[in-house]
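*Asks:* Take a look at this one; I'll ask things after.
2 protein chains.
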Amino acid sequence: MTAEIVSVGTEILLGQIVDTNAQQIGQLLPQFGIGHFWRQTVGDNLDRLTEALRLALSRSDIVFTIGGLGPTQDDLTRDGIARALDDELIHDPEIEAHLRDLFRHRPEAWVGSQLRQAMRPRCSTPLPNPNGTAPGLICEKGGKTVIALPGPKGEFGPMLEGPVRDYLARRTQGGAIASRVLRVCGIGEAAIEDRIRHLIDGSNPTVAPYAKIGEVHLRVTAFAASREEAERMLEPVAREIREAFGPAVYAEGSQTLEEVVLDLLRGRRATLAVAESCTGGGLGHRITAVPGSSDAFVGGLVTYSNEAKARLLGVPESVLSEHGAVSSQCAEAMAAGAARALSADYAVSITGIAGPAGGTEEKPVGTVWIGSYGPGGARSARFLFRNSRQGVRERAVQQALILLRERLLEG
Amino acid sequence: MTAEIVSVGTEILLGQIVDTNAQQIGQLLPQFGIGHFWRQTVGDNLDRLTEALRLALSRSDIVFTIGGLGPTQDDLTRDGIARALDDELIHDPEIEAHLRDLFRHRPEAWVGSQLRQAMRPRCSTPLPNPNGTAPGLICEKGGKTVIALPGPKGEFGPMLEGPVRDYLARRTQGGAIASRVLRVCGIGEAAIEDRIRHLIDGSNPTVAPYAKIGEVHLRVTAFAASREEAERMLEPVAREIREAFGPAVYAEGSQTLEEVVLDLLRGRRATLAVAESCTGGGLGHRITAVPGSSDAFVGGLVTYSNEAKARLLGVPESVLSEHGAVSSQCAEAMAAGAARALSADYAVSITGIAGPAGGTEEKPVGTVWIGSYGPGGARSARFLFRNSRQGVRERAVQQALILLRERLLEG
Numbered sequence: 091m092t093a094e095i096v097s098v099g100t101e102i103l104l105g106q107i108v109d110t111n112a113q114q115i116g117q118l119l120p121q122f123g124i125g126h127f128w129r130q131t132v133g134d135n136l137d138r139l140t141e142a143l144r145l146a147l148s149r150s151d152i153v154f155t156i157g158g159l160g161p162t163q164d165d166l167t168r169d170g171i172a173r174a175l176d177d178e179l180i181h182d183p184e185i186e187a188h189l190r191d192l193f194r195h196r197p198e199a200w201v202g203s204q205l206r207q208a209m210r211p212r213c214s215t216p217l218p219n220p221n222g223t224a225p226g227l228i229c230e231k232g233g234k235t236v237i238a239l240p241g242p243k244g245e246f247g248p249m250l251e252g253p254v255r256d257y258l259a260r261r262t263q264g265g266a267i268a269s270r271v272l273r274v275c276g277i278g279e280a281a282i283e284d285r286i287r288h289l290i291d292g293s294n295p296t297v298a299p300y301a302k303i304g305e306v307h308l309r310v311t312a313f314a315a316s317r318e319e320a321e322r323m324l325e326p327v328a329r330e331i332r333e334a335f336g337p338a339v340y341a342e343g344s345q346t347l348e349e350v351v352l353d354l355l356r357g358r359r360a361t362l363a364v365a366e367s368c369t370g371g372g373l374g375h376r377i378t379a380v381p382g383s384s385d386a387f388v389g390g391l392v393t394y395s396n397e398a399k400a401r402l403l404g405v406p407e408s409v410l411s412e413h414g415a416v417s418s419q420c421a422e423a424m425a426a427g428a429a430r431a432l433s434a435d436y437a438v439s440i441t442g443i444a445g446p447a448g449g450t451e452e453k454p455v456g457t458v459w460i461g462s463y464g465p466g467g468a469r470s471a472r473f474l475f476r477n478s479r480q481g482v483r484e485r486a487v488q489q490a491l492i493l494l495r496e497r498l499l500e501g
Numbered sequence: 091m092t093a094e095i096v097s098v099g100t101e102i103l104l105g106q107i108v109d110t111n112a113q114q115i116g117q118l119l120p121q122f123g124i125g126h127f128w129r130q131t132v133g134d135n136l137d138r139l140t141e142a143l144r145l146a147l148s149r150s151d152i153v154f155t156i157g158g159l160g161p162t163q164d165d166l167t168r169d170g171i172a173r174a175l176d177d178e179l180i181h182d183p184e185i186e187a188h189l190r191d192l193f194r195h196r197p198e199a200w201v202g203s204q205l206r207q208a209m210r211p212r213c214s215t216p217l218p219n220p221n222g223t224a225p226g227l228i229c230e231k232g233g234k235t236v237i238a239l240p241g242p243k244g245e246f247g248p249m250l251e252g253p254v255r256d257y258l259a260r261r262t263q264g265g266a267i268a269s270r271v272l273r274v275c276g277i278g279e280a281a282i283e284d285r286i287r288h289l290i291d292g293s294n295p296t297v298a299p300y301a302k303i304g305e306v307h308l309r310v311t312a313f314a315a316s317r318e319e320a321e322r323m324l325e326p327v328a329r330e331i332r333e334a335f336g337p338a339v340y341a342e343g344s345q346t347l348e349e350v351v352l353d354l355l356r357g358r359r360a361t362l363a364v365a366e367s368c369t370g371g372g373l374g375h376r377i378t379a380v381p382g383s384s385d386a387f388v389g390g391l392v393t394y395s396n397e398a399k400a401r402l403l404g405v406p407e408s409v410l411s412e413h414g415a416v417s418s419q420c421a422e423a424m425a426a427g428a429a430r431a432l433s434a435d436y437a438v439s440i441t442g443i444a445g446p447a448g449g450t451e452e453k454p455v456g457t458v459w460i461g462s463y464g465p466g467g468a469r470s471a472r473f474l475f476r477n478s479r480q481g482v483r484e485r486a487v488q489q490a491l492i493l494l495r496e497r498l499l500e501g
């Protein structure tokens, strides 16, 4: 079986956005053994879109479209699919009811063009879109399939990973694949590849490393006659990876580092507070992205100015004047102060120089002190991240979670 | 004149890399008024590459290829171009001399396959590659042009911005474009299009809307004989947009909403504090992403638990027990409390139910109260965002900035 992607949007051609949605489909297809040899991108133009779809349908079994499902006149994907499949657009009262329901609380935003989204090719089945207005569509006609997905990331991702993944699994039953992701933190990608080169060079199972900020995900994938057999082939490779990296393997599957940290806290019935300077709230924001994080996370103090550090966290003036805000002493006082202010069992603090300005010879841009507080008192560690302002902030948040996890694992 | 990109590389189809080179060409073409309606991506396969090139040459004046110029057997772009242009590959002794010179100091790395890179279509002119081995190629035959560029970023970028830019300038002498982005907040995309439909339907200048979270960017683009003339054509359209949406146009160009808010604060020599519940630090994180935000932003309090709201912000227990944490009263007490705790002139607060759990009939998931404090006291407003947890949090942060800006504009 083969598939092809047609990305729709003048903003992609103009380079205003980069097409990471197509990348995500590209990563999914091999997991189902689906061949993928072509990709096309067209602007918001009905004739060219139809031509691209016809070409794709002539040579591929499944055609994915990305984008062009919204309410505006630029959104032509529904029309293009109907024309390329020689089908007609019909009005779907269920979609209309769903759309009207979405606008119940803000009738002023309802304009007639929203109804375009209630049209769909007759041969299509709508895919619910809990994160937006336009549904996705699976269109099946004449032995060919078009899967139409919305462009906005927050709508596209869940639809691809949910109903579309399920659909592809049903379509490709027979030859089966299984895969598992091992998540490794605190070791660089090159060092990881060096240690498990023989696994990465293997062909079945394959091991593919994906570098993220401050962590690497190792996807192990096996092909076999049955899902069970493929699953069995994964285990020896996963074991070898766990043995190679020990506790640096923080999770398997989709669990994130912040979820692991929250689980460790829950297991100890302990609470957490944070104190942030250069990250400005990024650590708290990341922790609270986890539903139910309120079980363990009580709150945080964003102390951007020195005055706030003194006032809200009780960092002694002498620490600030003698050692500065970016120091071991300040990081430890911040962590202890946050735990005290919020009556938390554990606390983490971040104070550093994210840049682009503010660096000195002794403390260059990228210098970050991370403090922690818990049973046994306060500690701190120094890091130097050679990244952009945004990169320094993301690395600092990641490193704070890594240190907190290590501390929680101690007991 | 029209151009089309053919990106070559199985690693792009598999999603192992994202095609930012094509994005960079996409950004360059409009600067020369070159139309760009198609993009194709193919793997490292000679037949498919040739087919893609023939299709591109049949409908576009200039075809860019990216990648596939290296020394390995996978590198097939030279062969594909020769076939698609009905040309032959010839050996270029100057390229060979350059290659051998590059390996002078590491003869052990020289393998015979390096010589593949000394082959080029007879109709081509090589483009020097100071940052790698394979030269780029400009091939001109039968009124069509193929420009072949290497894939590695460090080779691609300088070649595109240097000799290719110069070549395009010579080819398109005269014609120029200008564009400007107007940023509109607090009005939905469909409502915006409804109001300026006649501008969006126009052809020169064009107006293209791009929806972001809680804001829409309108890109106005004009083509003319000279840059100055194109610039002049933009202004009447920009004025009409500003008149249509009034103060909802918060910036022109690349300035972000948080930068605008920080500038307004600086203009008033005023300071800002934030209090966040469901966004967990996201508002502070976004504001502090701006370098130099410490001029105005003093800090924030992330009060995730009710206890933290009472303790750090002084939200009265009676408010929490009678109205709950997601209420007008709590939002206003949080904003006033943050301003007090951090001695700030202005404060914004966010308290809501991001979901997926925690909703009730009266306060469904997505309910968010946003409070503000400033000269004149505290205020609040209620919102209902129908998004995922992540979406609710992002919309809430955006809305807090919108309300803060409105308040700062009052005086």
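The listed protein sequences derive, respectively, from chains U and S. Residues 91 to 501 (the working numbering) are what the first sequence spells out, left to right. Residues 91 to 501 (the working numbering) are what the second sequence spells out, left to right. Heads up, the beta-carbon is just placed ideally off N, CA and C, and yes, glycines get one too.
Please report the distance separating the alpha-carbon of Glu349(U) from that of Ile377(U).
*Replies:* Residue 349(U) sits at position 259 when you count from the first residue of the first sequence. Residue 377(U) sits at position 287 when you count from the first residue of the first sequence. So the alpha carbons of these two residues sit roughly 8 Å apart.
*Asks:* Closer than 8 Å, Cβ to any Cβ of chain U: which residues of the stretch 384-399 of chain S, in chain order?
*Replies:* Of all residues in the stretch 384-399 of chain S, only Ser384, Phe387, Val388, Gly389, Gly390, Leu391, Val392, Thr393, Tyr394, Ser395, Glu397, Ala398 place a beta-carbon less than 8 Å from a beta-carbon of chain U.
*Asks:* Would you mind telling me which residues of chain U sit closer than 7 Å to Thr369(S), beta carbon to beta carbon, in chain order?
*Replies:* In the second sequence, the residue the question calls residue 369(S) occupies position 279. Neighbours of Thr369(S) on chain U, chain order: His375.
*Asks:* Can you tell me whether DSSP reads Glu500(U) as helix, strand or coil?
*Replies:* Position 410 of the first sequence, counted from the start, is the residue given in the question as residue 500(U). If DSSP states are grouped into helix, strand and coil, Glu500(U) belongs with coil.
*Asks:* Among residues of its own chain, excluding the 5 on either side of Tyr394(S), which ones have a beta-carbon nearer than 7 Å to its beta-carbon?
*Replies:* Residue mapping note: residue 394(S) aligns to position 304 of the second sequence, counting from 1. If we look at Tyr394(S) and ignore the five residues flanking it on each side, its Cβ neighbours are Ser367, Gly370.
*Asks:* Buried or exposed: Pro240(U), going by 16 or more other Cβ atoms within 10 Å of its Cβ?
*Replies:* Residue numbering aside, residue 240(U) sits at position 150 when the first sequence is read from its first letter. Buried, by the Cβ-count rule.
*Asks:* For the beta strand (DSSP E) containing Val96(S), list its first residue and its last residue.
*Replies:* Translated into positions along the second sequence, residue 96(S) becomes position 6. Note, Val96(S): beta strand (DSSP E), 92-98.
*Asks:* How about Asp165(U) and Arg190(U): are their beta carbons less than 8 Å apart?
*Replies:* Here residue 165(U) is taken as the residue at index 75 of the first sequence, counted from 1. Here residue 190(U) is taken as the residue at index 100 of the first sequence, counted from 1. The answer is no: Cβ separation not under 8 Å.
*Asks:* Let me confirm a value: Arg329(S) is counted as buried when at least 16 other C-beta atoms fall within 10 Å, else exposed. Which label applies?
*Replies:* By one-based count along the second sequence, residue 329(S) stands at place 239. So Arg329(S) counts as exposed.
*Asks:* Check whether the stretch 257-270 of chain U and the stretch 118-138 of chain U are in contact - that is, three or more C-beta pairs closer than 8 Å.
*Replies:* yes
*Asks:* May I have the straight-line CA-CA distance separating Ala365(S) from Ser439(S), to the nearest angstrom?
*Replies:* On the second sequence, residue 365(S) is found 275 positions in, with the first residue counted as 1. On the second sequence, residue 439(S) is found 349 positions in, with the first residue counted as 1. Cα atoms of Ala365(S) and Ser439(S): separation of roughly 5 Å, rounded to the nearest angstrom.
*Asks:* Check whether the stretch 460-472 of chain S and the stretch 426-444 of chain S touch, using three or more Cβ-Cβ pairs below 8 Å as the test.
*Replies:* yes
*Asks:* Alpha carbon to alpha carbon, what distance is there between Leu403(S) and Asn396(S)?
*Replies:* Against the second sequence, residue 396(S) aligns to sequence position 306. Against the second sequence, residue 403(S) aligns to sequence position 313. Roughly 10 Å separates the two Cα atoms.
*Asks:* Spatial neighbours of Glu321(S) within its chain, please: C-beta separation below 8 Å, excluding the five flanking residues on both sides.
*Replies:* Residue mapping note: residue 321(S) aligns to position 231 of the second sequence, counting from 1. In its chain, beyond the 5 residues on either side, Ala268, Ala312 have a beta carbon closer than 8 Å to the beta carbon of Glu321(S).
*Asks:* With DSSP run on the structure shown, which of helix, strand or coil describes Pro225(S)?
*Replies:* As a working mapping, residue 225(S) is identified with position 135 in the second sequence. Here Pro225(S) sits in coil by DSSP.
*Asks:* When you check each C-beta in the stretch 113-133 of chain S against every C-beta of chain U, which residues fall closer than 9 Å?
*Replies:* Gln113, Gln114, Ile115, Gly116, Gln117, Leu118, Leu119, Pro120, His126, Phe127, Trp128, Arg129, Gln130, Thr131, Val132, Gly133
*Asks:* Nearest chain U C-beta to Tyr300(S) closer than 8 Å, yes or no?
*Replies:* In the second sequence, residue 300(S) corresponds to position 210, counting from 1. Cβ-Cβ to chain U under 8 Å: yes for Tyr300(S).
*Asks:* Taking 8 Å as the threshold (C-beta atoms), are Leu192(U) and Arg210(U) in contact?
*Replies:* As a first step, residue 210(U) is located in the first sequence; it is residue number 120 there, counting from the start. As a first step, residue 192(U) is located in the first sequence; it is residue number 102 there, counting from the start. Result no, Cβ atoms of Arg210(U) and Leu192(U) do not sit closer than 8 Å.
*Asks:* According to the Cβ coordinates, are Leu136(U) and Lys234(U) closer than 8 Å?
*Replies:* Here residue 136(U) is taken as the residue at index 46 of the first sequence, counted from 1. Here residue 234(U) is taken as the residue at index 144 of the first sequence, counted from 1. No, they are not a contact pair.
*Asks:* Roughly how many angstroms separate the alpha carbons of Arg149(U) and Thr167(U), rounded to a whole number?
*Replies:* In the first sequence, residue 149(U) corresponds to position 59, counting from 1. In the first sequence, residue 167(U) corresponds to position 77, counting from 1. If I take the Cα positions, the gap works out to 19 Å.
*Asks:* Pick out whichever of Val339(S), Ala363(S), Gly157(S) has its Cα sitting closest to the Cα of Cys307(S).
*Replies:* Numbered from its first residue, the second sequence carries residue 307(S) at position 217. Reading the sequence as shown, one finds His at residue 307(S) and not Cys. Comparing Cα-Cα distances from His307(S) to each of Val339(S), Ala363(S), Gly157(S), the minimum goes to Val339(S).
*Asks:* How far does the beta strand (DSSP E) with Arg472(S) in it extend, from its first residue to its last?
*Replies:* The residue given as residue 472(S) occupies position 382 in the second sequence. Start and end: 467-474.
*Asks:* Quick one: list the residues of chain U neighbouring Gln480(S), beta-carbon separation under 7 Å, in chain order.
*Replies:* One-based indexing of the second sequence puts residue 480(S) at position 390. Within chain U, the residues near Gln480(S) are Gly244, Ala379.
*Asks:* Which same chain residues, not among the five before or five after Ala431(U), have their C-beta less than 6 Å away from its C-beta?
*Replies:* For the purposes of this step, residue 431(U) is identified with residue 341 of the first sequence, where counting begins at 1. Within the same chain, Ala431(U) has no close Cβ partners at all.
*Asks:* For chain S, find out if any of its Cβ atoms is closer than 8 Å to the Cβ of Arg138(U); answer yes or no.
*Replies:* Taking the first residue of the first sequence as position 1, residue 138(U) is located at position 48. For Arg138(U), the answer is yes, since a Cβ of chain S falls inside 8 Å of its Cβ.
*Asks:* Are the C-beta of Pro446(S) and some C-beta of chain U separated by less than 8 Å?
*Replies:* As a working mapping, residue 446(S) is identified with position 356 in the second sequence. Yes, because at least one Cβ of chain U sits closer than 8 Å to the Cβ of Pro446(S).
*Asks:* Leu217(S) and Pro242(S) - do their beta-carbons sit closer together than 8 Å?
*Replies:* As a position in the second sequence, residue 242(S) is number 152, starting the count at 1. As a position in the second sequence, residue 217(S) is number 127, starting the count at 1. Contact flag unset, no.
*Asks:* To the nearest angstrom, report how far apart Gly170(U) and Glu230(U) are at their CA atoms.
*Replies:* Taking the first residue of the first sequence as position 1, residue 170(U) is located at position 80. Taking the first residue of the first sequence as position 1, residue 230(U) is located at position 140. Their Cα atoms are separated by approximately 15 Å.
*Asks:* Look at the Cβ atom of Ala238(S), then the Cβ atom of Leu139(S), and state whether they are nearer than 8 Å.
*Replies:* One-based indexing of the second sequence puts residue 238(S) at position 148. One-based indexing of the second sequence puts residue 139(S) at position 49. Not in contact: Ala238(S) and Leu139(S) (Cβ atoms no closer than 8 Å).
*Asks:* Using alpha carbons as the reference points, say which of Pro295(U), Arg194(U), Gln345(U), Arg358(U) lies closest to Asp385(U).
*Replies:* One-based indexing of the first sequence puts residue 385(U) at position 295. Comparing Cα positions, the closest option is Arg358(U).
*Asks:* List the whole-angstrom C-beta distance separating Ile156(S) from Asn111(S), where the pair is believed to meet the contact cut-off of C-beta under 8 Å.
*Replies:* Start at 1 with the first residue of the second sequence, and residue 156(S) comes out as number 66. Start at 1 with the first residue of the second sequence, and residue 111(S) comes out as number 21. That belief holds up - the Cβ atoms of Ile156(S) and Asn111(S) are roughly 5 Å apart, short of 8 Å.
*Asks:* Consult DSSP for Cys275(U) and reduce its assignment to one of helix, strand or coil.
*Replies:* Within the first sequence, residue 275(U) is the residue found at index 185, counting from 1. DSSP places Cys275(U) in strand when its eight states are reduced to three.
*Asks:* If I follow the unbroken alpha helix (DSSP H) through Thr110(U), where does it start and stop?
*Replies:* Position 20 of the first sequence, counted from the first residue, corresponds to residue 110(U). Element bounds for Thr110(U): 110-118.
*Asks:* Between which residues of its own chain and Gln130(S) is the CB-CB distance below 6 Å, once the five residues before and five after are set aside?
*Replies:* Working through the second sequence from its first residue, we reach residue 130(S) at position 40. The answer, listed in chain order, is Val96, Ala142.
*Asks:* Tell whether a beta-carbon distance below 8 Å holds between Ala434(S) and Thr346(S).
*Replies:* As a working note, residue 434(S) is residue 344 in the second sequence. As a working note, residue 346(S) is residue 256 in the second sequence. The answer is no: Cβ separation not under 8 Å.
*Asks:* Expressed to the nearest angstrom, what Euclidean distance is found between the alpha-carbon atoms of Asn219(S) and Phe154(S)?
*Replies:* As a working mapping, residue 219(S) is identified with position 129 in the second sequence. As a working mapping, residue 154(S) is identified with position 64 in the second sequence. The alpha-carbon atoms of Asn219(S) and Phe154(S) are separated by roughly 17 Å.
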